[in-house]
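Some notes on the structure that comes next.
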Amino acid sequence: TKKGFIFDLDGVIVDTAKYHFLAWKKLAKRIGMDFSETQNEQLKGVSRKRSLEKILAWGNKTLSEAEFNQLMSAKNDDYLSYIEKMDDSEVLPDIAKTLDFLIGKGQAVALGSASKNAVPILKKVHLLDKFEAIVDGNDVSKAKPDPEVFLNASELLKVKPEDCIVFEDSVAGVQAANIAKMLSIGIGDKKNLHEADYVFKDFTEISEDFLNDIMSNKIN
Ligand code: G6P
Ligand code: MG
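For the sequence shown, position 51 matches number 52 in UniProt numbering, and the numbering has no gaps at all.
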């Protein structure tokens with residue numbers, strides 16, 4: 002069967018989750034707050050605006066709209082300064098190989114990310130042309146765990162949600178995939194991603210046999 006393989010970007014395709022972390026940490030410090038790994042985990046997959054709202058709520062802070070917008074753009078400028086220096090070496094292990102394998106098998110491949118920086122990042126690491134469809138933070142209004150981003154991707158790929166597979170490193174993203182009735186594959190720590198149908202540390206643990214089993218409906 003032709004399946005739709007939908008990849009999250011940050012923390013799945015590229016190792017940018019660490020740059021989001023550094024940029025949020027710096028911002029938190031600027032407003033006199035600490036920022037922990039646990040809090041960071043809760044921001045994965047969450048839009049830039051919603052992330053700042055959460056941070057401010059954790060610190061019991063209220064800001065004017067102007068201050069809020071200023072902090073959002075400061076965070077993004079800081080984040081972009083890391084992105085500028087990125088190259089192909091920051092593509093996570095076996096991602097390019099997996100994309101080529103799926104494309105070679107005639108499968109539909111899409112990006113489903115909350116990031117507004119998705120296209121420039123994919124260009125930077127030379128993976129943009131691998132994706133038949135791209136749905137990113139510029140296209141969706143409802144953030145993960147709302148399934149909008151993945152449902153849009155399924156529609157663009159012309160593959161039913163039940164025949165789509167989502168690779169996600171965030172709790173919110175796994176929940177979005179589950180709500181969309183897609184097969185959810187967590188990339189990262191089993192402890193955090195226990196709601197996923199399957200969890201792998203990274204793509205080196207995902208065998209071609211496993212992907213073939215998905216395509217032949219042995220796994221669904
Ligand atoms: C992804 C990341 C989040 C990030 C969001 C928005 O979902 O996991 O950490 O906040 O994208 O990214 P952006 O590049 O638009 O700030
Ligand atoms: Mg992610």
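Built from N, CA and C at the ideal position, the CB exists for glycine as well.
- In the three-state reduction of the DSSP assignment, Gly174 falls in the helix class.
- In the DSSP assignment, Ala134 falls within the unbroken beta strand (DSSP E) covering Ala134 to Val136.
- Taking 7 Å as the cut-off, one finds no heavy atom of ligand 2 near enough to the beta carbon of Gly189.
- Taking 8 Å as the cut-off, the beta carbon of Val120 is found no closer than this to the beta carbon of Asp88.
- With distances taken between CA atoms, Asp137 lies nearest to Asn118 out of Asn118, Lys219, Asp130 and Lys124.
- Linking Ile180 to Leu93 through their CA atoms gives a straight-line distance of about 27 Å.
- By the neighbour-count criterion, in which a residue is buried when 16 or more other Cβ atoms sit within 10 angstroms of its Cβ, Lys3 is exposed.
- DSSP places Glu149 in the helix class (H, G or I) of the three-state scheme.
- Excluding five sequence positions before and after Thr205, the CB atoms of its chain that fall closer than 8 Å to its own CB belong to Pro94 and Asp95, given in chain order.
- Counting only residues of its own chain and dropping the five nearest sequence neighbours on each side, Ala134 has a CB closer than 6 Å to the CB of Ala111, Ala154, Leu157 and Leu158.
- With contacts defined by Cβ atoms closer than 8 Å, Gln108 and Met183 do not form a contacting pair.
- Per DSSP, the beta bridge partners of Gly187 are Glu169 and Val200.
- Separation of Phe132 and Lys19 (C-alpha to C-alpha, rounded to the nearest whole angstrom) is 24 Å.
- In the DSSP assignment, Leu53 falls within the unbroken alpha helix (DSSP H) covering Arg49 to Trp59.
- By the neighbour-count definition (other C-beta atoms within 10 Å, threshold 16), Ser52 is a buried residue.
- Put simply, of Asn139, Ile207, Asp130 and Leu152 the residue whose alpha carbon is nearest the alpha carbon of Lys50 is Asn139.
- In this structure, Phe8 keeps its C-beta atom at 8 Å or more from the C-beta atom of Gly105.
- Per DSSP, the continuous beta strand (DSSP E) segment holding Phe8 begins and ends at Gly5 to Phe8.
- Leu44 has its CB nearer than 7 Å to a heavy atom of ligand 1.
- Cβ neighbours of Phe201 within its own chain (closer than 8 Å, five residues either side excluded): Ile186, Gly187, Ile188 and Ile207.
- DSSP, read as helix, strand or coil, puts Ala115 in coil.
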